[in-house]
Each structure stands twice: as C-alpha cells, then as structure tokens.
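Here the protein sequences line up with chains A and B, keeping their order.
Taking the working numbering, the leading residue of the first sequence gets 81, the next gets one more, and so forth.
Taking the working numbering, the leading residue of the second sequence gets 81, the next gets one more, and so forth.
Only one structure is covered here, and it is reproduced in the block below.
Number of protein chains: 2
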Amino acid sequence: MNDSDMTLANQLCFSMYRASRLFIKFYQQALQPYGLTYPQYLVLLALWEEDRQPLHALGDQLDFGSNTLTPLLKRMERKGWITRELANSDHRQLIIQLTETGRTSKTEIFESIRVCVRQQAIDPADYRGMLAQNHALIDTLEKMLN
Amino acid sequence: MNDSDMTLANQLCFSMYRASRLFIKFYQQALQPYGLTYPQYLVLLALWEEDRQPLHALGDQLDFGSNTLTPLLKRMERKGWITRELANSDHRQLIIQLTETGRTSKTEIFESIRVCVRQQAIDPADYRGMLAQNHALIDTLEKMLN
DNA sequence: GTAAATTAAATCGTACGCAATTGAAATTGG
DNA sequence: CCAATTTCAATTGCGTACGATTTAATTTAC
C-alpha cells in the first residue's frame, strides 16, 4: 500500500461516506413532505417491521445508543409518530409504539419512497451485489471493533 | 418492488450508512492519538495532495459547505494543523495551508492508518470493486440531486 | 435477604452536516 | 462606470452521532 492508495479518490471509507450522505439527501427529499429525517424514517421502518419495541432493541437494529435515540424519539413523539411508555414488567425499559398515524402512514410513505427510488434506475443485480458486499464489510468492521 | 424490499436489511442506503459509520469509527481509532476526527483527517488528505487551497476548493472535494468547513477549519487551526489567511488576489477567499506540523505528520499518520487498515484483510480485488461501484453510485445520486 | 454487579435510559459535552440567510468583495452588463 | 448580479465565507438553527457519565431498576451471588 503506497501513497497513491491514500488519495481521497482511492479511499473506500471516503466513498462510503460520500455515497451515504448523498443517499440520505436523496431520501430526505421524499421524506420532507412528512417532516421526517432519515434516522427518524429508519425508526419507522423498524417499527413497521415490529411494533412495540423497547428503546434498546431499536438501538440494536440501527446501531444507535440511548444518547442518540432518546432525543430523536422525543421529537418523533412530539410530532405524533410514536408513543413512549415504561414497560410494566421492567421499569427501566421504554416501550416505543406507533401511533395510529404512524401505523397508517406506512402505505403512503412507502409509495413516496418507491416513486423516488425508481428514478435511480440502478440495476437490480448491482443493487443486490452491493448490498451483499456491504453486509460482508459491515461484518468485518463490526468484528474488528469488538 | 414490494414491502419485503423495504426492510432495514434490504435497504442499500441503510447498509451504506451503517458501513460508513463503522468505517469512520475504525479510522477514528487510528486518529485518536493525534486528536483528529475523520472529517479533519479528510481535510489533511486533501491538503497533502495539494497544499494552499481556498476553502471552497476543499469544499468541492469533500462536498462540504462553508457552514461545515468554517468551524472545522477553525478547530484545526487552533490545534496547529493548518493556517487560514485571506487571499491577496481575492479578499473573499480564505486560503488554507498546512503548518510545518501538518506537513511533516503525513508520514507518521499514514503509517498509523496503514497498520490499522492492513488488519481489515479485505481482498484487494473486492476493495477495488466496491470502490468502482461506489463511484458509479455517487455519480448516479449526484446527477439526480442536480 | 441484601450488597454488588448488571442493565437500561437519560444526560452532558463536543463535533459534525446541512438548509437557509447574511454580508462583504469581486464581476458583469448596459 | 456603476448598479445589478454573482461569488465567497461566515453565521444561525436544528438534528444527529457518539464518548463518557449518571441515575434508577433489576439480577446475581453469597
């Protein structure tokens, strides 16, 4: 590995960082009508897959700690997407649940996203290939960071 | 595109976001001894490729606006990595230049990064493949966002 | 049964990212 | 030449990210 591998253009980390930020900007366009940020949309995605999860379970899926999630979820509660209530069985756990609005918006928001993503016109095989490679990379990095 | 394509696990954007954050965390470990953050390291990379650039040129390469760069560069100036001076030819432009420390640290910091990256043990062909695919994706997204 | 350890959310502080605006300097067009 | 436009960096405000600590509730171990 020589110095020419250390240019901005040759850094995989930098290209991931660039692609991620552009991708998020792209999604934000579709989410703007709903007043949602991308991380907030991720919370909705997780809850649409499984409602009524404790905060730490959302954190496990999204790799967010309570330092990130607590204020984010409070904002989502204020905007009427979710409710936050202590679990009866364990008063340390905060159960996050979709509101009626949060549940029923799924169809409309998905359609907005789909319209938006369809314009990207990425080859489905490329998409799946990159997804698989990213998952492999994520596994490698997670192992190295303990 | 059906609802099963909308799970967290099937979102390319989310996997980019996850990989990017893990990658940055990985780099931060190597950068911690120098008190550098990853975005600050990117500025150094750009300046090591070409010193004495105006703020907006760094912004073009890293896709940062002055709203991000101005405070970031002030922190780097305080820590002695760079200097900030108005261009004589154009008093609107702020020329960013490496300090002696900034210039000479290159060798040592590169070595730290290389030691760290070598442990990843990613196949070089995979690395190049992902880099190329990311660049293609970045181009697509940039075009769609104007 | 209770002190020690663990788990969970919240809090604190710092540093991005980025949309939007501001204000100053340079360029342009009539 | 000079008013209008454009180009810059800086500022403002908000929402993440995340290391580190705190506080409260539950488990564990003896």
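In this text, a Cβ means the ideal position worked out from N, Cα and C, and glycines have one as well.
Residues that residue i bridges to, as DSSP identifies them
{"i": "Pro134/B", "result": "Ile175/B"}
{"i": "Ile162/B", "result": "Leu178/B"}
Enclosing alpha helix (DSSP H) for residue i [first to last residue]
{"i": "Tyr118/A", "result": "Tyr118 to Glu129"}
{"i": "Gln108/B", "result": "Leu92 to Leu111"}
{"i": "Ala201/B", "result": "Note, Ala201/B: premise wrong, no alpha helix (DSSP H); not H, not E."}
Distance between beta carbons of residue j and residue i, contact taken as under 8 Å
{"i": "Arg228/A", "j": "Gln177/A", "result": "Chain A is shown only over 81 to 226; residue 228/A falls outside these bounds and no answer can be derived."}
{"i": "Leu116/A", "j": "Leu135/A", "result": "Actually they do not touch by this definition, with Cβ atoms about 19 Å apart."}
{"i": "Leu225/A", "j": "Phe106/B", "result": "6 Å"}
{"i": "Met210/A", "j": "Leu92/B", "result": "6 Å"}
{"i": "Ile202/B", "j": "Thr184/A", "result": "Not quite, the Cβ-Cβ distance comes to about 44 Å (not below 8 Å), so this is no contact."}
{"i": "Asp206/B", "j": "Gln213/A", "result": "7 Å"}
{"i": "Tyr114/B", "j": "Ile218/B", "result": "About 28 Å separates the two Cβ atoms, so there is no contact after all."}
Heavy atom of the ligand NAD within 7 Å of residue i beta-carbon
{"i": "Tyr207/A", "result": "No copy of the ligand NAD appears in this structure; indeed no ligand is present at all."}
**Touching by the beta-carbon criterion (3+ pairs, under 8 Å), the stretch 189 to 207 of chain B and the stretch 154 to 174 of chain B** = The answer is no - the stretch 154 to 174 of chain B does not touch the stretch 189 to 207 of chain B, with fewer than three Cβ pairs under 8 Å.
**Item:** Touching by the beta-carbon criterion (3+ pairs, under 8 Å), the stretch 119 to 128 of chain B and the stretch 159 to 167 of chain B
**Value:** Judged by Cβ distances under 8 Å, the stretch 119 to 128 of chain B makes contact with the stretch 159 to 167 of chain B, as three or more pairs qualify.
**Item:** Meets three-Cβ-pair contact criterion under 8 Å: the stretch 134 to 150 of chain B and the stretch 83 to 91 of chain B
**Value:** Per the Cβ contact rule, the stretch 134 to 150 of chain B is not in contact with the stretch 83 to 91 of chain B (fewer than 3 Cβ pairs under 8 Å).
**Prompt:** With contact counted as at least three CB pairs below 8 Å, one residue from each stretch, are the stretch 87 to 97 of chain A and the stretch 98 to 105 of chain B in contact?
**Reply:** Yes, since at least three Cβ pairs between the stretch 87 to 97 of chain A and the stretch 98 to 105 of chain B fall closer than 8 Å, the two stretches touch.
**Message:** Counting beta carbon pairs with one atom in the stretch 114 to 123 of chain B and one in the stretch 150 to 159 of chain B, are three or more of them shorter than 8 Å?
**Reply:** Between the stretch 150 to 159 of chain B and the stretch 114 to 123 of chain B there are three or more inter-stretch CB-CB distances shorter than 8 Å, so the stretches are counted as touching.
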